[in-house]
Every structure is written in structure tokens, then in C-alpha cells.
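See structure below.
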Amino acid sequence: MSPYALSMLMSSLAMGTIITLSSTHWFLAWMGLEINTLAIIPLMTKMHHPRATESATKYFLTQATASALLLFSAAMNAWMTGEWTITNMNSYTPTTILTIALAIKLGIAPFHLWLPDVLQGLDMMTCLVLSTWQKLAPMALLILTSHQLNTNLLTLMALASAITGGWGALNQTQMRKIMAYSSIAHLGWMTLVISFAPGLALLNLMIYLLMTSSMFMMLMTLNATNMNKLSISWLKTPTLAASMMAGLLSLGGLPPLSGFLPKWLILQEMTKHHLGALSAVMAMSALLSLFFYLRLSYMISMTSPPNISNANLAWRNKNNLSLINPILIVLSTMLMPIMPMLLT
1 MSPYALSMLM SSLAMGTIIT LSSTHWFLAW MGLEINTLAI IPLMTKMHHP
51 RATESATKYF LTQATASALL LFSAAMNAWM TGEWTITNMN SYTPTTILTI
101 ALAIKLGIAP FHLWLPDVLQ GLDMMTCLVL STWQKLAPMA LLILTSHQLN
151 TNLLTLMALA SAITGGWGAL NQTQMRKIMA YSSIAHLGWM TLVISFAPGL
201 ALLNLMIYLL MTSSMFMMLM TLNATNMNKL SISWLKTPTL AASMMAGLLS
251 LGGLPPLSGF LPKWLILQEM TKHHLGALSA VMAMSALLSL FFYLRLSYMI
301 SMTSPPNISN ANLAWRNKNN LSLINPILIV LSTMLMPIMP MLLT
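To convert, note that position 65 of the sequence shown is 65 in our numbering; the numbers rise steadily by one, no gaps.
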């Protein structure tokens, strides 16, 4: 792709998200989401592969459906209240339609089926953008309207996402599909707490963005797209393999890594609202996710492939690590231990 076209698409992607983040009018928010969708589709098809075309088509159809539902809910709310303001949605039907539209946009269960298939057909950099940057605008709208949305519906979708995200990745061997189900599970935790403490949902989103960005950057450096390639990564870069093991355990939410912090705070918030049974189910669903993260950690650190590469000095990696990789690795694993220092 031409550098000029790439710069135009990336600036359009950034502009669409910024328009949605800074808008107070539903039409402006919808316009930002549309710019965002239209800017990423050429980035998806730059590989010129049938799987990439299929992924772009699936993504366009799902996002177009979600945008139509969002505009319909905003128009219905304007007809009922006479206002297009984002924070003024008091009617039951528009808020329910809006919740479904944003769930489709984000890939929250039971509207998650497009996400693993779309990610599997893309290259790693586009997967990184789709799993991180593309979550910002819909999640911002969800946080802005969280006090008016149906809490029971959000809780049901959160439970479904956490269980589906853990269950769906158990039999996967492709790293992109595993990261897609990881995204679904993390979105479940954000959706659960968004009605009770939007600030916690925002913290969870920030830590999720750090952990996912760090994981995709490491996968791109190792050129690992499935579990078999992951198992020989220690031959190329032992340090990066150890860092990836820590990143995977952080995604699973093991203490004292960064991923444990949002889960701990969310469970604490749920128990404050006397939702002990719900907290117990969410904690058990996190064990499903933890199982496949531990399986990946075991494969990357404690197994050796049946045929070790015959190349001379296979452990020497010619790729130069960018400066952002170590920073992301430290933040995605060490944020919880240094959090008291940051707060003081």
C-alpha cells in the first residue's frame, strides 16, 4: 500500500475515533463511527487474499448493522424526548436497541461470532488495531450512557461474554482466534462493572489495551501465528519468550501481574453491591480463560519441539526490537506492583 494512502487511512481512523469521543450529539457520534469503519476496511484488504476479503466483508456487514441500529435508537429517542443529546436517553426501547448496537460493535456475547473469524483472516498489525483502537469509540459511548442502560441486560451479556470467551478458546490453536476470545472475555468484565463503577470499566479498558498491544507486538516480532510456531520461539529469543509467558499470565489475571488488578477491583465492587453469587460465577469463568493462557505459557516455556531447527544459531534473532516493546511489556506485567507508588 502507498505510504500516502496509508497515512490518509490512519489519520481518518484517528479522526473518526476523536469525533466520537468528543461529541455530545448522536449524529456526530454516528458519523465518527462510520468514518472509523470505512477507514479500516482498506487496511483489512491490503493483503489481497480471499480470507482478508472475507474478513472485511463480514466486518462491514456487522458494523453496518450496528450503525443502523444505533442511528435508529437515537432517532427514536429524539422522537420521544425531542433531544439528540447522548446523555439524555430515558426510554426503555431506545436504550435496549442502543445496548445491542454497541454490543455488536464491540463483539460482546451473544453478538460475538464475527470477531474470531474476522481476526483470523487479517495480518497481525490490523488485528492489533481492531482489538485495541477500534474498541475506544463504542466503549466511550457505552460509558457515557451507562447510567441509563438496562443493568440486567448488561449483566447477562457480561456473563455470556466471560463464559464464551473462556470456553471458545479452549480448543483453538491459532493465536489470532485465541486473542479474539480473550478480547470477548475481557469485554465481559468491563460490561459487568460499567453500570456500577464506570471508572473501573475505564481502568480495565486501559489495562486491556496495554496487555493486548504488548502481546500482539511480541507475536509480530516472533512471527508466531499458531501454537506450533510459538513452541520454537525460545530458540530465537529466549528473553522475549519469557516476557511473553509473563504477558500471558497477566492476561489470565494471576497476581501480582497487571491483569489481576482490574479483576480484583471489579470483584470487590460487586461484593459491595451484595452480588456474591455473580462474583463467584465471574471468578469461575476466569478459570476457563486462565486454563488456555497456562497452556500457552507451558508450550512457550516448558516444551521443546520434536524437530529443532537446523539453522546455525537459531536463537539469534535478526529483528531489532523497537523501544515500545519493552515499555509495553513492563506496563502489561508490572502495573499492579507499582500501583501504590503511582497513587501516592
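The beta-carbon is built from N, C-alpha and C at its ideal position, and this holds for glycine as well.
In DSSP terms, what residue i is bridged to
i	result
Gln-174	Asn-226
Residue span of the alpha helix (DSSP H) that contains residue i, given as start and end
i	result
Leu-149	Run containing Leu-149: none; DSSP gives neither H nor E here.
Asp-123	Premise fails: Asp-123 is in no alpha helix (DSSP H) and is neither H nor E.
Met-8	3-22
Ile-100	92-106
Phe-292	276-302
Ala-137	136-144
Among the options, the one whose alpha carbon lies nearest that of residue i
i	options	result
Ile-324	Lys-272, Arg-295, Leu-210, Leu-251	Leu-210
Met-175	Leu-122, Ala-75, Ala-66	Leu-122
His-25	Leu-222, Leu-71, Tyr-4	Leu-71
Met-139	Leu-249, Gly-276, Leu-203, Thr-303	Leu-203
Met-284	Ala-162, Tyr-4, Met-80	Ala-162
Ala-64	Met-76, Met-47, Lys-105	Lys-105
Thr-17	Pro-116, Ala-101, Gln-134, Ile-97	Gln-134
Met-124	Tyr-92, Trp-114, Gly-199, Met-218	Met-218
Tyr-298	Ala-277, Thr-221, Asn-228	Asn-228
Thr-126	Thr-62, Gly-247, Met-10	Met-10
Thr-303	Leu-230, Ala-137, Tyr-59	Leu-230
Ala-75	Tyr-59, Ile-338, Leu-205, Ile-97	Ile-97
Cβ-based neighbour list, residue i, same chain, cut-off 6 Å, excluding 5 preceding and 5 following
i	result
Gln-172	Ile-178
Ala-158	Gly-188, Thr-191, Leu-192
Leu-154	Thr-191, Ser-195
Ala-286	Gly-253
Leu-267	Ser-279
Leu-222	Ser-233
Neighbourhood of residue i by C-beta distance below 7 Å, restricted to the same chain and skipping five residues each side
i	result
Thr-164	Ala-109, His-112, Ile-184
His-273	Phe-196
Gln-345	The displayed coordinates of the chain run from 1 to 344. Any statement about residue 345 would go beyond what the structure contains.
Ala-56	Ile-41, Met-44, Thr-45
Ala-103	Phe-111, Met-157
Val-281	Leu-159
Asn-77	Met-89, Ser-91, Pro-94
Ala-311	With a pLDDT of 47 at Ala-311, under the threshold of 50, the modelled position of this residue cannot be trusted; read the value that follows with caution. Excluding sequence neighbours, Ala-311 sits near nothing in its chain.
Own chain residues within Cβ distance below 8 Å of residue i, not counting five before or after
i	result
Ser-131	Leu-119, Met-179, Ala-180, Ser-183, Thr-212, Phe-216
Ile-86	Ser-23, Thr-24, His-25, Trp-26, Ala-29, Leu-141, Leu-144, Thr-145
Leu-331	Leu-210, Ser-214, Ser-258
*Which ranges does the alpha helix (DSSP H) cover as unbroken runs of at least 4 residues, wholly within the segment 24-90, from first to last along the chain?*
26-44, 50-81
*asked:* Restricting to runs no shorter than 4 residues, where is the alpha helix (DSSP H) found entirely within the segment 177-264?
replied: 198-222, 227-231, 233-236, 238-252
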